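Trainee: For the protein sequence lines, the chains are A and B, in the order given.
The numbering used here applies: residue 614 is where the first sequence begins, and numbers increase by one.
The numbering used here applies: residue 614 is where the second sequence begins, and numbers increase by one.
Please find one structure pasted underneath; my questions will follow.
Protein chains: 2
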Amino acid sequence: MAKDRKIDLVILGLLSHEDLTGYDIKKRIDGAIGFFWKGSFGNIYPALSSMEEEGLISKKKNSKTGSRERIPYHITTRGTKALRSWLQEDQVSNELRYETLLKLYFGGVVDRSVTIRNIEIFEEDVKRNLAVLNMFKENLEKVLDEEDHVFYYLTVTFGIDTYEAYLKWCTKAKKLLTGKAEMAFDG
Amino acid sequence: MAKDRKIDLVILGLLSHEDLTGYDIKKRIDGAIGFFWKGSFGNIYPALSSMEEEGLISKKKNSKTGSRERIPYHITTRGTKALRSWLQEDQVSNELRYETLLKLYFGGVVDRSVTIRNIEIFEEDVKRNLAVLNMFKENLEKVLDEEDHVFYYLTVTFGIDTYEAYLKWCTKAKKLLTGKAEMAFDG
DNA sequence: ATATCAATATATCAATTTGATATATCTAAT
DNA sequence: ATTAGATATATCAAATTGATATATTGATAT
Numbered sequence: 614m615a616k617d618r619k620i621d622l623v624i625l626g627l628l629s630h631e632d633l634t635g636y637d638i639k640k641r642i643d644g645a646i647g648f649f650w651k652g653s654f655g656n657i658y659p660a661l662s663s664m665e666e667e668g669l670i671s672k673k674k675n676s677k678t679g680s681r682e683r684i685p686y687h688i689t690t691r692g693t694k695a696l697r698s699w700l701q702e703d704q705v706s707n708e709l710r711y712e713t714l715l716k717l718y719f720g721g722v723v724d725r726s727v728t729i730r731n732i733e734i735f736e737e738d739v740k741r742n743l744a745v746l747n748m749f750k751e752n753l754e755k756v757l758d759e760e761d762h763v764f765y766y767l768t769v770t771f772g773i774d775t776y777e778a779y780l781k782w783c784t785k786a787k788k789l790l791t792g793k794a795e796m797a798f799d800g
Numbered sequence: 614m615a616k617d618r619k620i621d622l623v624i625l626g627l628l629s630h631e632d633l634t635g636y637d638i639k640k641r642i643d644g645a646i647g648f649f650w651k652g653s654f655g656n657i658y659p660a661l662s663s664m665e666e667e668g669l670i671s672k673k674k675n676s677k678t679g680s681r682e683r684i685p686y687h688i689t690t691r692g693t694k695a696l697r698s699w700l701q702e703d704q705v706s707n708e709l710r711y712e713t714l715l716k717l718y719f720g721g722v723v724d725r726s727v728t729i730r731n732i733e734i735f736e737e738d739v740k741r742n743l744a745v746l747n748m749f750k751e752n753l754e755k756v757l758d759e760e761d762h763v764f765y766y767l768t769v770t771f772g773i774d775t776y777e778a779y780l781k782w783c784t785k786a787k788k789l790l791t792g793k794a795e796m797a798f799d800g
């Protein structure tokens, strides 16, 4: 497998459940996974091609004859082995890339009202995401006994817990910046 | 300024406080900023070159003659304007890229012990980062009245608050996976 | 019937980022 | 005098991003 291409593992993980086309994969990633990992056609299609060459996945013939072009992929034994091997590796890369925090860090360059507004924009965004995740959570709770759903549930509660922490921080941060709080920031 | 190059803004933000070389900039980014934004020589040096051409920053002559090559950059009036303009833009990109959550999501492919171990690896990593951030926080609290330090303080407390939420989630997640908790996950 | 819009589907491209590596100098300690 | 580590600039292959091109199919409205 390509040394540093993380999209490969996302694809293998998704294919471990069902056969999917590149387009299907994009849709799956844009769903619940999108909260912690991104993918684009620009990396999905090249990854599918090279993993097929390497024998980690295989092309399935389109069942319906004469229909629109559609290339579903199937995970091979080697692919499953590569997926398991990655899951068992200790080394992971976890990265935050928050432009909001960057803007906050350089807040001294503009008026405080600008920074407060940026926090409010972030707050609204978090609230929107939180609403989506809470819907996911409710739906998952109905089927938590089913295979694998406990893992989806845990990623969703991770999102909910962190977003709720963000909201609390937003409240404190706005108070500190509007001067309504003195040093006792922890309280 | 280059349309989609976020490193430009990081550089402009850092240069708004003091003149810096590419190497200095890398060190600054690897410090407190590294928790929410990354940079590498591979994007810093090209960004410095092109921003100098665009007149957003300017090269300062190395003061000591005959000394080692050293190219400190200074922000221009146009550069400051570009920085302020970015800070006032509403649109931001905030992204999580957590391989740990990816592994959790695909946990069904391996034994539960593997997933629990992955959570524990994450937990240890979070604890290490939390210790560093708490040190930053203590140091910043001594100088909170100084210009701009309130902004650094807020980014640090953001990190602390979210990492603490992560730790709580880790405890709950491990309980759920070891079967020590039934449905009442919220409690 | 047919026009139109949204969804399905594959594919490619320029710009950017990442992570590693190459090269060289200076400083401090042994 | 030698070595190790920090300083410093620079480049490269591989990967990612975000946009765009192209074409088909299915559903809705006229």
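From the three backbone atoms N, C-alpha and C, an ideal C-beta is built for every residue, glycine too.
Bear in mind that the values here come from a model prediction, so they are computed numbers and not experimental data.
Under 8 Å, CB to CB, which of the residues in the segment 767 to 792 of chain B have a partner in chain A?
Mentor: Leu767, Thr768, Thr770, Phe771, Asp774, Thr775, Glu777, Ala778, Tyr779, Lys781, Trp782, Lys785, Ala786, Leu789 and Leu790
Trainee: Give me the Cα-Cα distance between arginine 741(A) and glycine 647(A), rounded to the nearest whole angstrom.
Mentor: 14 Å
Trainee: By Cβ distance below 8 Å, which residues in the same chain neighbour glycine 762(B) in space, the five residues on each side in sequence not counted?
Mentor: The question names glycine, yet the displayed sequence has histidine at residue 762(B). Excluding positions up to five away in sequence, the list reads Leu753 and Val756.
Trainee: Could you list which residues in chain A have their beta carbon closer than 7 Å to that of glutamate 760(B), in chain order?
Mentor: Residues of chain A passing the Cβ test: Gly721.
Trainee: For aspartate 703(A), return the contacting residues in chain B, with the cut-off set at a CB-CB distance below 9 Å.
Mentor: Arg730, Asn731 and Ile734
Trainee: So tyrosine 711(B) packs on asparagine 747(A), CB below 8 Å; how close in whole Å?
Mentor: Not a contact, Cβ separation roughly 20 Å.
Trainee: Within 10 angstroms of its Cβ, does lysine 716(A) collect 16 or more other Cβ (buried), or is it exposed?
Mentor: Within 10 angstroms of the beta-carbon of lysine 716(A) lie 16 or more other beta-carbons, which makes it buried.
Trainee: Please determine, among Asn656(A), Ile642(A) and Lys750(A), the residue with the shortest C-alpha to C-alpha distance to valine 769(A).
Mentor: Lys750(A)
Trainee: Which residues in chain A sit within 9 Å of lysine 651(B), going by Cβ to Cβ distance?
Mentor: Glu708 and Arg710
Trainee: What's the gap between the Cα of valine 723(B) and the Cα of leucine 700(A)?
Mentor: If you take the alpha carbons of valine 723(B) and leucine 700(A), they lie about 7 Å apart.
Trainee: Alpha carbon to alpha carbon, how far is alanine 695(A) from aspartate 758(A)?
Mentor: Straight-line Cα distance between these residues: approximately 28 Å.
Trainee: Only counting the same chain, and skipping five residues up and downstream in sequence, which positions put a Cβ closer than 7 Å to that of aspartate 621(B)?
Mentor: Met614, Ala615, Ala660 and Met664
Trainee: Measuring alpha carbon to alpha carbon, tell me which of Ile734(A), Ala645(A), Phe771(A) and Thr713(A) ends up nearest phenylalanine 771(B).
Mentor: Distances from the CA of phenylalanine 771(B) to each of Ile734(A), Ala645(A), Phe771(A) and Thr713(A) were compared; the closest alpha carbon is that of Thr713(A).
Trainee: Would you mind sorting threonine 728(A) into buried or exposed? The rule is 16 or more other CB atoms within 10 Å of its CB.
Mentor: Buried is the call here.
Trainee: When the Cα atoms are used, what is the spatial distance from glycine 626(A) to phenylalanine 719(B)?
Mentor: Using only the alpha carbons, I get a separation of about 6 Å.
Trainee: Ordered along the chain, which non-local residues of its own chain (more than five positions away) have a Cβ less than 6 Å from that of lysine 785(A)?
Mentor: Taken in chain order, the list of residues that qualify is empty.
Trainee: Let me confirm a value: alanine 744(A) is counted as buried when at least 16 other C-beta atoms fall within 10 Å, else exposed. Which label applies?
Mentor: Around the beta carbon of alanine 744(A), fewer than 16 other beta carbons lie within 10 angstroms, which makes this residue exposed.
Trainee: Mind checking threonine 690(A): buried by the 16 CB within 10 Å criterion, or exposed?
Mentor: Result: exposed.
Trainee: Expressed to the nearest angstrom, what Euclidean distance is found between the alpha-carbon atoms of phenylalanine 798(B) and threonine 634(B)?
Mentor: With a pLDDT of only 48 at phenylalanine 798(B), under the threshold of 50, the placement of this residue in the model should not be trusted, and no figure is reported.
Trainee: Hey, could you find the ends of the alpha helix (DSSP H) glutamate 666(B) is sitting in?
Mentor: 654 to 667
Trainee: Run through the segment 706 to 762 of chain A for me and flag every whole beta strand (DSSP E) of 3 or more residues, listed as ranges in chain order.
Mentor: Within the segment 706 to 762 of chain A, the runs of beta strand (DSSP E) that reach at least 3 residues and sit entirely inside it are, in chain order, 707 to 711.
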